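Line by line, the protein sequences give chains A and B.
So the first sequence is numbered by this note's numbering: it starts at 1 and just counts up by one.
So the second sequence is numbered by this note's numbering: it starts at 233 and just counts up by one.
Every residue, glycine too, gets a C-beta built ideally from N, C-alpha and C.
Computed from a predicted structure; not experimentally measured.
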Amino acid sequence: MRIAYLEDEPDVAATVSTWLREAGHEVECFSSGVACARAVESSRFDVCLLDWMVPDLSGLEVLARLQIKLRHATPPVVFSTGRDSEEDVVGVLTAGADDYIVKPLSRPLLLARLQAVTRRQQGVAGASLQQDFGRLTVDHGRRQLALDGRLIALTERETDLALYLFQNVGRALSRERLIQVVWSLTSDVDTRTVDVHISNLRRKLKLTPESGWRLVSIYGHGYRLERERNSS
Amino acid sequence: MSAQARFPGWPGREALRVALLLAAISLAITASGLLVRVDHLLFDIGQRINWRQAAADVLIIAVDQDSLDRLGRWPWPRERHARLLDIVCAGRPAAVGVDIAFSEHSGDPSADALLADAVARCGKVVLPLVIESTRSGGQLLESPPIAPLLAAVAGIGRIGVHLDEDGIGRSVYLREGLGAAVWPLWAEEVLRVSEQLPPAVLADATGSVGHPDERYQLLRENARRFEFVGPPGSVQRLSYARVLDGLIAPQVFAGKIVLIGATAVGLGDFLPTPVSALGEPMPGVEVQANVLLSLRDGRLISELATLPTLLLAALLACIPLLWLPRLMALSGLLVSSLWVLALGAACALLPVLWQVWFAPAGALFAGLFAFPLWSWRRLEAARAHLDQELRQLRALLPESPTTAALPGEIRRLGFEQRIAWVQAAQRRMAALEAGRKEALGFISHDLRAPLAGAVARLESEAPGDPQHLLPPLRRALGMAQAFLSLARAEALDPDRLKELDLCALLQQAADEIFALARQGRRRIVRQLPEQPLWIKGDFELLERCAINLLDNALRHAPASTVISIGLDRPRDDEVRFWVENDGPPLLADEKDKLFQRFSRGGQEAASASGSGLGLYFVRTVAERHGGAAGVDCAAGRIRFWVSLPGGEVPGSGD
């Protein structure tokens, strides 16, 4: 995987570049937002890892520029930021970033997030008709979910939502996106409806750390389904 | 921003404005003559404190009550006057002024002739000319003495004195006459005859001639105020009867100016003067004596002309602004009062010392107004400043739940209210300052300790296991984050809370703490409802709240025990979430201390883990949400809870 990495602190840049190279990725490191944006515009990258605060062009500005120049060809963008307030995070996601990681970075989390956001691009989860997560199996073809071999009774919408979440494990999904995908034919859907369904899924599918899952609510923005890293 | 920058031109421009206003007041009053009586009052005061020794060479032969009693009622036969003149002139006086009008023939022509002979013999007699209105039509008429006398006199002069608005005589016209201002004063003529007239005094008394059509118009020129040597009776008097009886030696009159006139009350020749106390007017002849003395001694008082008077009035009105902007209220008041008094005194003394009169009423009045006007402007400026400060404070200070919000319209607030607002803001500032100090203490001590430990380890240890550095560094990082969260919680704007699902939030908090709980082999039991529960709140802060409570429980619960997190609704408009763990009951004062800043449970203080901010943060967040936080102990369990207002259960799921 070819990664464009924007970071103006040399120490951090060196460490993170090493992590990524050791994981088998090709990394190009930039300390200037302008240089980074130019490079991404001219050659193909699989994912961009952008720092929020860089001297000349902030990560957000780089993102805005890429969206104008490349439109749909923009590679997935993950932000690394020291600013972890709700406002900042939601701002980044609303601006079109695919995910964010709060500094200080942790190696496994970083690699997992990068994997998750690129999966969409490659359509891995969509292609696989059957997902096996140990106790939990997801059959996209039959639209069925089973826990410990027993089918779980879900409503139509809950099934849609669950399948979409399992296609995007590890990736931040906004409520608006969920509404678009799951409730596309229904008009006038309240964001509360999403919350209610998420709540139901958490309960019915036992999406808790004890079962190796976390269904994370990202402030007011949306949700992310992820594997519990520390689960056995 | 300095006060100067905020109020451009203050106080310079303001002083100029007030000065112009004062000058206008002063000019208006001076020009309109509204307070002319104040001027007269001051002038009279000046005159009254200015007693002088009456000159010994001027004396009055008075037709007093005693003379009337002895010689019979007025008018007396003219041969008696002739006899008196003979007696007086025998003493060779410098001049004799007779203040008795002989403008009509008496019934006895021989008596008139006798008098005329006596006047002629003496050669130094000056008779009066009266300008009076005739009985019919009010036309003015000059009444000189009868022709035989006119031929015999050494001089004729007017005895008219100008009466001011208040009916008091203070001034004379040096020249006056019908059609032409040619008649000199009687006093002047007496002086001329006695050869004591100072030439300079009358240098500008030209005696202009009026237009021929204005033959009956009274022309007056060269108004002058005159001084009084003292109250009535100050000029030496001799009784007419005693002189006539030869009781006075003729040498007494030698070289003196002798004035003859009526002083008896019954004869009615009296004038109210500045120096005459109430009910004690001055006889006309004594007034004339005062005019004469003023004229002779160069003590006639000129009035300042109109234009210089106005200029000076405007200028003096502005004087208080020399000190008002520099002085505080009390000293300003004192100096301004002193100024008014001093100005009044100076103007009263001016005619006494320099024979010039300036009417100061306008300047005095403006002087009285200077302090209130300036204080008003200063109060306005203070108010504007206060408003500005209030606005700035409002912009600067985070909304505090303890002080009500400032109303949008500061203008409508009363002065005391504004001050109360500023005081509240000051208290808030003080609280912020205290918070800042605490924070500094926290950073300099609590946060520095683990970092210093890590550095020390790096320096001292031979290349060892870097993993040893992780715990203190993690602790420092955790503290910094806790501190940041707290700062965020304290700055939370209650108006910007968003709707959120409290159940999902608590689930997530439990998820977050799961790994840590498993490390300590403790289990977290969720007693959470299945349906979402919507409240208004800040997701991040409330989640951190729940995590802090769970973290706290993890640190205090015995190993292998159960920690519960739950949610209930004690009332319809209240939601309460709680975290429970096994533990010994807490003492009451321990409970109170737990939620304070930088406090740690006894056990915890020893281990020095945790920032000491966790529960304080919980309480802060709860309070910023309009709720509360607390702790209950029962049956070997400790339950920390946070109650929040509101809470809405959805109808049905799909």
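If you follow the alpha helix (DSSP H) that residue i is part of, which residue opens it and which one closes it?
i, result
"K825/B", "820-826"
"S568/B", "561-586"
"V16/A", "10-22"
"N200/A", "191-204"
"F715/B", "702-722"
"D88/A", "86-94"
"Q297/B", "297-303"
Quick one: does residue i have its CB under 8 angstroms from some CB of chain A?
i, result
"K823/B", "no"
"P764/B", "yes"
"A663/B", "no"
"C777/B", "no"
"F746/B", "yes"
"G878/B", "no"
"D733/B", "yes"
"K768/B", "no"
"A251/B", "no"
"Q740/B", "yes"
If you follow the beta strand (DSSP E) that residue i is in, where does it begin and where does it stop?
i, result
"P802/B", "794-803"
"F275/B", "That residue, F275/B, is in no beta strand (DSSP E); its alpha helix (DSSP H) goes 268-280."
"F277/A", "Shown here, chain A extends from 1 to 232; a query on residue 277/A therefore has no answer."
"T208/A", "Per DSSP, T208/A belongs to no beta strand (DSSP E) and is neither H nor E."
Considering only the alpha carbon of each residue, which of the options lies closest to residue i?
i, options, result
"V12/A", "L105/A, A39/A, E87/A", "L105/A"
"L847/B", "V794/B, L774/B, A867/B, I795/B", "L774/B"
"A172/A", "G96/A, T137/A, R150/A, L201/A", "G96/A"
"V757/B", "L716/B, T793/B, D733/B, D727/B", "T793/B"
"G235/A", "G134/A, Q144/A, L57/A, L111/A", "Given a span of 1 to 232 for chain A in the structure shown, any question on residue 235/A remains unanswerable."
"L737/B", "L716/B, L760/B, E722/B", "L760/B"
"P726/B", "G858/B, A288/B, L317/B, A322/B", "G858/B"
"S375/B", "E648/B, I391/B, A263/B, S335/B", "S335/B"
"D824/B", "H313/B, E420/B, L782/B, G862/B", "G862/B"
"D116/A", "R157/A, K103/A, D46/A", "The question names Asp, yet the displayed sequence has Ala at residue 116/A. Comparing Cα-Cα distances from A116/A to each of R157/A, K103/A, D46/A, the minimum goes to D46/A."
"K768/B", "A333/B, S875/B, Q740/B, L562/B", "S875/B"
"R353/B", "V385/B, G685/B, W766/B", "V385/B"
"V211/B", "I489/B, R456/B, L273/B, A789/B", "What the structure shows of chain B is the stretch from 233 to 886, and residue 211/B is not part of that stretch, so it cannot be assessed."
"L503/B", "P604/B, I492/B, P464/B", "P464/B"
"T159/A", "G82/A, K103/A, V181/A, R44/A", "V181/A"
"L672/B", "A688/B, E648/B, E691/B, A719/B", "A719/B"
"D53/A", "D88/A, F133/A, H197/A", "First, the amino acid is wrong: residue 53/A is Met here, not Asp. Closest option to M53/A, Cα to Cα, is D88/A."
"A616/B", "L585/B, I651/B, L596/B", "I651/B"
"V90/A", "R142/A, E228/A, Y219/A", "Y219/A"
"F603/B", "Q285/B, M560/B, W589/B", "M560/B"
"A73/A", "S80/A, D139/A, R44/A", "R44/A"
"G411/B", "E453/B, D398/B, E762/B", "E453/B"
DSSP beta-bridge partners for residue i?
i, result
"W810/B", "G798/B, W873/B"
"F502/B", "P515/B"
"S174/A", "G222/A"
"K768/B", "E731/B"
"D331/B", "According to DSSP, D331/B bridges with nothing at all."
"I756/B", "I795/B"
"D188/A", "Answer is none; D188/A lacks a bridge partner."
"D864/B", "R871/B"
"V47/A", "I3/A"
Less than 8 angstroms between CB atoms is the rule here; does residue i satisfy it with respect to chain B?
i, result
"I68/A", "no"
"S80/A", "no"
"E86/A", "yes"
"Y164/A", "no"
"G220/A", "yes"
"S174/A", "no"
"L217/A", "The sequence shown places Ser at residue 217/A, not Leu. Interface residue, yes."
"R214/A", "yes"
"T15/A", "no"
What residues in the region 91-121 of chain A have a beta carbon less than 9 angstroms from any beta carbon of chain B?
-> Those residues of the region 91-121 of chain A that come within reach of chain B (Cβ to Cβ, closer than 9 angstroms) are P104.
Contact list for the region 177-211 of chain A against chain B, Cβ threshold 8 angstroms | Listed by position, the residues of the region 177-211 of chain A near chain B (Cβ gap below 8 angstroms) are R192, T193, D195, V196, H197, I198, S199, N200, R202, R203, T208, P209, E210.
Where the region 19-36 of chain A meets chain B: residues whose CB sits under 7 angstroms from a CB there | Of all residues in the region 19-36 of chain A, none comes within less than 7 angstroms of chain B when Cβ atoms are compared.
Closer than 9 angstroms, Cβ to any Cβ of chain A: which residues of the region 861-872 of chain B, in chain order?
-> Flagged: no residues at all.
Going along the region 844-860 of chain B in order, which residues come within less than 7 angstroms of chain A, judged by CB to CB distance?
-> Of all residues in the region 844-860 of chain B, none has a C-beta nearer than 7 angstroms to a C-beta of chain A.
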